[in-house]
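Undergrad: For the sequence shown, counting from 1, position 217 maps to 217 in the UniProt record's numbering; every step adds exactly one.
The structure's right below; bear with me while I get my questions together.
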Amino acid sequence: MSINDNKTIHRNQIFFGIFNIMKSTLEIVLFLLIMCGVFCAETDEVKSVSVMEGDAVTLNPDLTQIKGIVLLLWRFGDKGSTVAQIDGNEILYEDDEIFIDRLQLDQSGSLTIKNTRTKHTGLYEAEISHNNGTSYIKFSVTVYESPPEDSYRAEMKSVPVTEGDPVALRVPQLYGDELIVWRFGDEGKLIAKHDIEAKSSSFYDETDERFRNRLELDPQTGSLIITNTKSTDSGLYIVKISSNKQTSYQKYFVTISVPGLSPAAVAGIVVVLLVIAAAAAAAGVLFYRRRTSELKHQKSKISECHNETSEISEKLKRMSEISEELKQMTEDCEKELRKICERLKQMSLTNKEEISEQEICADATKEKMEKGERERRIVVKDTAISQATGGPCGADGRVLDMHGKSLVVRNTSTEHTGVHESTGKE
1 MSINDNKTIH
11 RNQIFFGIFN
21 IMKSTLEIVL
31 FLLIMCGVFC
41 AETDEVKSVS
51 VMEGDAVTLN
61 PDLTQIKGIV
71 LLLWRFGDKG
81 STVAQIDGNE
91 ILYEDDEIFI
101 DRLQLDQSGS
111 LTIKNTRTKH
121 TGLYEAEISH
131 NNGTSYIKFS
141 VTVYESPPED
151 SYRAEMKSVP
161 VTEGDPVALR
171 VPQLYGDELI
181 VWRFGDEGKL
191 IAKHDIEAKS
201 SSFYDETDER
211 FRNRLELDPQ
221 TGSLIITNTK
231 STDSGLYIVK
241 ISSNKQTSYQ
251 KYFVTISVPG
261 LSPAAVAGIV
271 VVLLVIAAAA
281 AAAGVLFYRR
291 RTSELKHQKS
301 KISECHNETS
311 EISEKLKRMS
321 EISEELKQMT
331 EDCEKELRKI
341 CERLKQMSLT
351 NKEEISEQEI
361 CADATKEKME
371 KGERERRIVV
381 KDTAISQATG
391 GPCGADGRVL
401 DMHGKSLVVR
411 NTSTEHTGVH
421 ESTGKE
């Protein structure tokens, strides 16, 4: 065998050795991955649990699928501090301040936290060691401040106070592990809170200007004291008392009265105001009914007036028609009158011409008569009759008769013989 053949054989042995080592390592890695998948499959699963402050919460890992449990550890927080455990048939609790007398662990592995606080919010992990390895189950617990919905079951207490005086709202006897939560108003606004067990400072809502620097919560008794009371402090106060044993509520209705008036006087004023309000309401009802009746009556009258108006409108319409007819008749009469006037005017002109002709004729006749009369000649002889009629002989014989026209010659003689003309004058 040559040297080259020996080198080749040695190189192949080294190669197969390395291959065997890598194969063994791969098998170990695969085994570890499988074991992690079997026993650590629940590590990443986190169950969320919510609870109201003061209530209890139970974390159930459901160990029915796990056989041969050797040890169960309950851990809390980011550091994973052990708070309770089951070692065989023995249940043990750690001396953790925030869980004193609050934890209850049973053989099923369920962990109950009583009288919870917001400080109990966090991550809880159950570490389960069994014959096949270790399993992990996680719970994320959130503790909320409790609302006052359940307070309706509490009995209401009335507390009258004079404005400016302090008032203390007292709670029943405490045992040292209570959480005291005070709320105000129908909306249940949080105004003060104190955890007696934690021995921490009391909490006050500094954002509420109404009670700023006027609230005191007794850390020993949990009583709420309001100093320098004002009228705005009147209203409903609710306290929730949560302990490891129970949760209870107390309600107080505070009435702030004006100084100088006793609570009885205030109550009397309230009663009087209620009576006045009731009387006003009754008067309002009566007025409404009376007003309704009057409106109905007025409506009836308006309806009657409407009917009468309709009749009057019909009559006016008829009168308007008659007026149009009379107007037409008047126009016709005016036309006839104008025709008659024209005829009368023509007749008048005709008569006037006839009268003028008659007057002309009459004037001519008269002129002829007067002229004939003027031209009459009188021949009188001197006779005895003329003398007797005219007077003595030798007298003036020219005498006018009573009409001033006839001439009488008295005492006529031959010298009066001639023509005499009547002039109408003497």
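We put the CB at the ideal spot given by N, CA and C, even for glycine.
Quick one: what does DSSP say L63 is sitting in, helix, strand or coil?
TA: helix
Undergrad: Which of the three DSSP states, helix, strand or coil, is assigned to S108?
TA: coil
Undergrad: Measure the alpha-carbon distance for R210 versus T227 and round it to whole angstroms.
TA: 12 Å
Undergrad: A84 and L71 look like a contact to me (Cβ under 8 Å); what is the Cβ gap, rounded to whole Å?
TA: Contact flag wrong, Cβ pair sits at about 12 Å.
Undergrad: With three or more C-beta pairs closer than 8 Å as the rule, is the stretch 190-199 touching the stretch 125-144?
TA: no
Undergrad: Mapping the DSSP letters down to three states, classify T389 as helix, strand or coil.
TA: Caution is warranted here: a pLDDT of 47 is assigned to T389, below 50, making its placement in the model unreliable, and the coordinate value is therefore given only provisionally. Of the three classes helix, strand and coil, the one that applies to T389 here is helix, per DSSP.
Undergrad: List the whole-angstrom C-beta distance separating I256 from V161, where the pair is believed to meet the contact cut-off of C-beta under 8 Å.
TA: 5 Å
Undergrad: Count the other CB atoms within 10 Å of the CB of A126; is the residue buried (16 or more) or exposed (fewer)?
TA: buried
Undergrad: Are the beta-carbon atoms belonging to V159 and Y252 less than 7 Å from one another?
TA: yes
Undergrad: With C-beta atoms as the reference, is T112 less than 7 Å away from T58?
TA: Contact: yes.
Undergrad: Based on the DSSP output, what are the partners of L103 in its beta bridges?
TA: I113
Undergrad: Select from K67, S356 and V51 the residue whose C-alpha is nearest the C-alpha of N132.
TA: K67
Undergrad: Tell me whether the stretch 176-187 and the stretch 266-284 touch, counting them as touching only if at least three CB pairs, one residue from each stretch, are closer than 8 Å.
TA: no
Undergrad: Let me check understanding here. Comparing Cα to Cα, which of E336, Y288, E197 and R290 lies closest to I98?
TA: E197
Undergrad: Buried or exposed, going by whether 16 or more other CB atoms sit within 10 Å of the CB of E178?
TA: buried
Undergrad: DSSP three-state call for T350: helix, strand or coil?
TA: Of the three classes helix, strand and coil, the one that applies to T350 here is helix, per DSSP.
Undergrad: Provide the residue(s) that pair with E127 in DSSP beta bridges, ordered along the chain.
TA: L73 and Y136
Undergrad: Please report the straight-line C-alpha distance between Q220 and K245, rounded to a whole angstrom.
TA: 18 Å
Undergrad: Can you look up R290 in the DSSP assignment and give me helix, strand or coil?
TA: helix
Undergrad: Starting from A84, follow the beta strand (DSSP E) in both directions and report where the run begins and ends.
TA: Counting along the chain, the unbroken beta strand (DSSP E) around A84 starts and ends at S81 to D87.
Undergrad: Between the Cα of S110 and those of H130, I86, D96 and T121, spot the shortest distance and give me the residue it belongs to.
TA: It is I86.
Undergrad: Whole angstroms is fine: what's the gap from D62's alpha carbon to P172's?
TA: Straight-line Cα distance between these residues: approximately 40 Å.
Undergrad: When DSSP labels each residue in this structure, what does G235 get in the three-state scheme?
TA: It is a strand residue.
Undergrad: Give the range of the beta strand (DSSP E) segment to which D225 is assigned.
TA: For clarity, residue 225 is Ile in the given sequence; the question names Asp instead. Residues L224 to I226.
Undergrad: What's the call for V287, buried or exposed, on a 16-neighbour Cβ count within 10 Å?
TA: For the sequence presented, residue 287 should be read as Phe rather than Val. Label assigned to F287: exposed.
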